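Using our numbering, count along the sequence shown one by one with no gaps and you end on 1412.
Quick reminder that beta carbons are idealized off the backbone N, C-alpha and C, glycines included.
Predicted model, so just to flag it, every value in this text is computed and none were measured.
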Amino acid sequence: MEQVDYLPSNRAPERGGSFGDEKSLEKDLSGSVEVITSVHDGGVYDDLREIDMGVDGKERPIETDIDVATRLISLDDDPTLPAFTFRMWFLGLGLSCFGAVLGQIFYFRPQTVFVSQLFLQIIAYILGLFLEEVLPGPSHVHSKLKTQDTAFWRFINPGPFNIKEHVAITIFASTAAESALAISIFAADDLYYKVQPNVGIGIFTLIGSQLLGYGLGGVMRSFLVYPTYIVFPNLLPTVQLFDALHRGKKIFMQKKRVKFFWSIFIAIFIWEWFPEYIAPTLTGISIFCLAKRDSPWFTRIFGGAAGNEGLGVFALCLDWNYVGSGGGSMGALFTPISTQLSLYFGTAICIIAFCACFANNVWNGQNFPFLSQSLFYENGTLYDQLSILDDNFRFDPSKLAEQGLPWFASSQVLTKIGANLAIGATIMHVLLWYGKDIIEVIRKYRAGENYDPHLAKMKVYPEVPMWWYISVFFASFAMAMATIYTGGSGLPWWGLIVALIISAVFLPFVLTLLSLIRYAHQMLGAVMIPGSPQTNMYFTLYGYNTLNQARGLIRDLKMGQYTKLPPRVTFTVQCVGAVVGGLLNYIIMKVIISSHREILLDVQGSNIWSGQQVQSFNSDAVSWGALGNILYAPDGRYAIVPFSILIGLAVPIPFWIIHQYFPKLGAKNVITPILCWTLGYLSVGINSSVFTTFVLAVFSQYYLRKYRPRWFRKYNFLLSAALDGGTQVMVFVFTFAVGGGSGRVVDMPNWALNPRGNPDYCQRLT
């Protein structure tokens, strides 16, 4: 899951801070404007004045959203720098193709891994510098490559590779690099229903579903992007790296930060070959498993170095691919400590709940694997979902009577309960803690009082007209409306409209915890249009994916605001990247399914390929779409799952009451939606990284942030960027060199740190 803190924070009064290395405007608390001059040391700005110092004379920790906006991010900008250059288009399209291919390969990996934006950012920088040197242009340093000063040659090579080109390329490529949710439907259709959609219908379904959210997010950008309180912690490493690479290059401290970055980048690239290939035991070192290798319970509790093996309690993970933000982690070095503590407290509850339910055979859990995303017969064999559907893939009650109802692993049921608890908790948490703040934000927005120092800098660029976003929305809506009928989705016109309305309502609430809302769309789809797994999948596509894309647009617009990229450039590269990425996702999916069909259908898959994401998506579609009114009915086997939404509404209330009477206890720091969501945090994949991530989070977000604020400000996010970037480069090279991405797998010989069976020496149970 990708964590975003967008809500107004319970913060200390706003205090002034340094906005940049130039004269800048700052509003004080009384609303007056003060002209200040600050001194920088390159990229991250030192403010030696009293306003940046605590009462003890030391630099204040980074505490508030104002601190993030003014002390971690540069206000420097040069509006004359071009963004729409040949280099931007060439590298943007090239890296979009590259990222889309790699992202789709990762979708079918045994552990959920994402193409890191930092990785694409680094590759773009290296290639941008290369093109700066080899392309002719009017300001080229080499006489043989120097040309006339015309518009054409300025387009080809306007001079040094600049930050606006770099940001545009990064947004371009990262937009394409995320596997489109429509791919899950096409893959499930092919693998489980033996249905292959018409290529044209598939492409228009992809484009429509990818761009609907952009229209929705653009309409809401005024209060979900512009204000200072909208803080995206996972953007900070990326933005700081842009500053380090492009601002103040000749300053000593900036050179020192760049050298620090590349040193860590190279070191982690070399190191990652050990846990990823040479010595997989380093992915999860478990003293408990080494001490007792023949205990199923030790495997379930302490194992976690292999997919769906165990919970990874107290395991030591030395593989940044799983500790870092690219491997599904919360991001130990940039996610706020309150979020991390809520997550790990919830994870402790998850461990207890998983073990207790399995030990007590709740929901017949002992008949099935401890961790699994599939549907089973009661005897533990895989459920044949086609056996309960008719020729039109609709539910047939007579066939169900012959087959019996399917079962989930107990851990998967708890995961669904946690997700629904989080839906209710999110709504109540926002209303209790931020209701007054949101009302105040809306008041300021309507009165035109919202002020953000970065937004003030953006006033020199033409804004994207509202009609652009509205046009994108209605064009995408037309494509979606056409394809749901021509593609035989079973989704009626009013179902599409309802899905979009739900997305619009939920968007301001779920930027913090997007992944939980997929279950809400599946449930609502099951209630309104029961009896069809495929219809449920399409309802989820146009509901959940619209939210996901809207959130992506909002995130990228915020990065554009932080880095001063013209809004029209951001809009253009986002739309083109989404279309290019979707088309390549479709092609790569077809290739992988045709080559690895049997592996993708297997519960565990192989160490290279896995269908766990498609399995989970399809299982949910069957259980909700075909059997929702039976499995989840008030008297159904899993009735607690939908009822958990109501329970979730009550979860934030005790913490809010405690804070009213005992504010010093810190109950305001408990993020109840995350606390609920993590009830299923360990239900899938490699879990050996959890303990290591927690230790690093405390060290970074508590110790360094509080006691070493200067080092934290200068190096913490660069460290995260270097570790993530170097790891992602290694994973790409590994995938195509020896991991099977090129069609050939080169296995590492077995030895002590690459044993047969589970890498951590726990007993293999499946």
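Pairwise C-alpha distance: residue j and residue i
| i | j | result |
| --- | --- | --- |
| S1256 | V1391 | 15 Å |
| F1022 | F948 | 25 Å |
| L607 | R1201 | The question about residue 607 has no answer, for the chain in this structure spans 647 to 1412. |
| L957 | N1007 | 18 Å |
| S1274 | T1381 | Strictly speaking, residue 1274 in this sequence is Gly, with Ser absent from that position. Approximately 39 Å, taken between the alpha carbons. |
| Q1365 | A951 | Per the sequence presented here, residue 1365 reads as Leu, with Gln not at that position. Approximately 25 Å, taken between the alpha carbons. |
| L1411 | D1083 | 51 Å |
| N1264 | W1053 | 14 Å |
| S684 | R1354 | Residue confidence for S684 is low, a pLDDT of 37 falling below 50, so the modelled location carries little weight; the figure read from the coordinates is stated next. Going from the Cα of S684 to the Cα of R1354 covers about 22 Å. |
| K955 | V1297 | Per the sequence shown, residue 955 should be read as Glu rather than Lys. About 31 Å. |
| W919 | Q986 | 28 Å |
| Y872 | R1089 | 15 Å |
| E672 | I1085 | A caution first: E672 carries a pLDDT of 32, below 50, which makes its placement in the model unreliable, though a value can still be read off. In a straight line, the C-alpha of E672 is about 24 Å away from that of I1085. |
| Q842 | V877 | 42 Å |
| W1397 | C1408 | 16 Å |
| D1037 | L1146 | 29 Å |
| P1395 | A925 | 10 Å |
| F944 | V959 | 10 Å |
| D1393 | Q1259 | 24 Å |
| W1139 | D1406 | 51 Å |
| V969 | L791 | 45 Å |
| N1404 | A1071 | 37 Å |
| R1402 | T1132 | 49 Å |
| G1011 | D1281 | 19 Å |
| A1267 | A1005 | 28 Å |
| G1371 | I912 | 10 Å |
| G1326 | P804 | 51 Å |
| L1328 | N967 | 17 Å |
Residue closest to residue i, alpha-carbon to alpha-carbon, out of the options
| i | options | result |
| --- | --- | --- |
| V1118 | F1039, P725, T1218 | T1218 |
| G740 | N1006, P982, A814, N1182 | A814 |
| I1073 | T993, T929, I1320, G1372 | I1320 |
| S984 | V1384, I847, T1318 | T1318 |
| L1051 | W1113, P1176, S1269, C743 | S1269 |
| L1399 | L928, F752, K905 | L928 |
| A1065 | S1290, A1124, M1235 | S1290 |
| M1125 | A770, Y771, F850 | F850 |
| P782 | I772, L773, L775, T793 | T793 |
| C996 | T1324, P1395, M1104 | T1324 |
| M1426 | F801, I847, A1368 | Residue 1426 is absent from the model: the chain starts at 647 and stops at 1412. |
| K1076 | L1295, P926, W1113 | A quick correction: the sequence has Val, not Lys, at residue 1076. It is L1295. |
| P879 | F1378, Y1208, Y990, M1394 | Y1208 |
| V1379 | R1214, Y923, A890, N844 | Y923 |
| A1343 | F765, R755, Y990, Q763 | Y990 |
| F869 | G1070, L891, A1093 | A1093 |
| E1048 | I769, F1041, I1299, I1034 | I1034 |
| R1214 | H786, Y1029, E1244, P1108 | P1108 |
| K1236 | P728, I768, F832 | F832 |
| L773 | F1039, K1310, T816 | T816 |
| S720 | F736, C1221, H1100, Q1306 | H1100 |
| G846 | D835, T1181, L1229, G1141 | L1229 |
Residue i and residue j closer than 8 Å at C-beta
| i | j | result |
| --- | --- | --- |
| F1363 | Q886 | yes |
| F818 | E778 | no |
| L1187 | S825 | no |
| L852 | A822 | no |
| I903 | K1360 | Residue identity check: residue 903 is Arg in the sequence provided, not Ile. Yes, Cβ-Cβ distance for R903 and K1360 is below 8 Å. |
| S1241 | Y1184 | no |
| L962 | I916 | no |
| W1009 | S1044 | no |
| K1103 | D723 | yes |
| A1279 | A1285 | yes |
| A1002 | C1322 | no |
| F752 | F765 | no |
| T874 | D1098 | yes |
| A999 | L936 | no |
Continuous beta strand (DSSP E) assignments of at least 3 residues falling wholly in the stretch 1258–1315: none
Three-pair Cβ contact test at 8 Å for the stretch 856–866 versus the stretch 1141–1151: yes
Alpha helix (DSSP H) runs contained entirely in the stretch 808–834, provided each spans 4 or more residues: Complete alpha helix (DSSP H) runs here, min 4: 809–823.
Contained alpha helix (DSSP H) runs [length at least 4] in the stretch 1168–1227, N- to C-terminal order: Runs of the alpha helix (DSSP H) spanning 4 or more residues and lying entirely within the stretch 1168–1227 occur at 1179–1186, 1192–1209, in chain order.
Contiguous alpha helix (DSSP H) assignments of at least 4 residues, all confined to the stretch 896–966: List check, alpha helix (DSSP H) in window: 898–917, 933–937, 942–948.
Start-end ranges of the alpha helix (DSSP H) lying completely within the stretch 1347–1412, minimum 4 residues: 1363–1383
Unbroken stretches of the alpha helix (DSSP H), 4 residues or longer, contained in the stretch 1070–1156: 1099–1103, 1112–1132, 1139–1156
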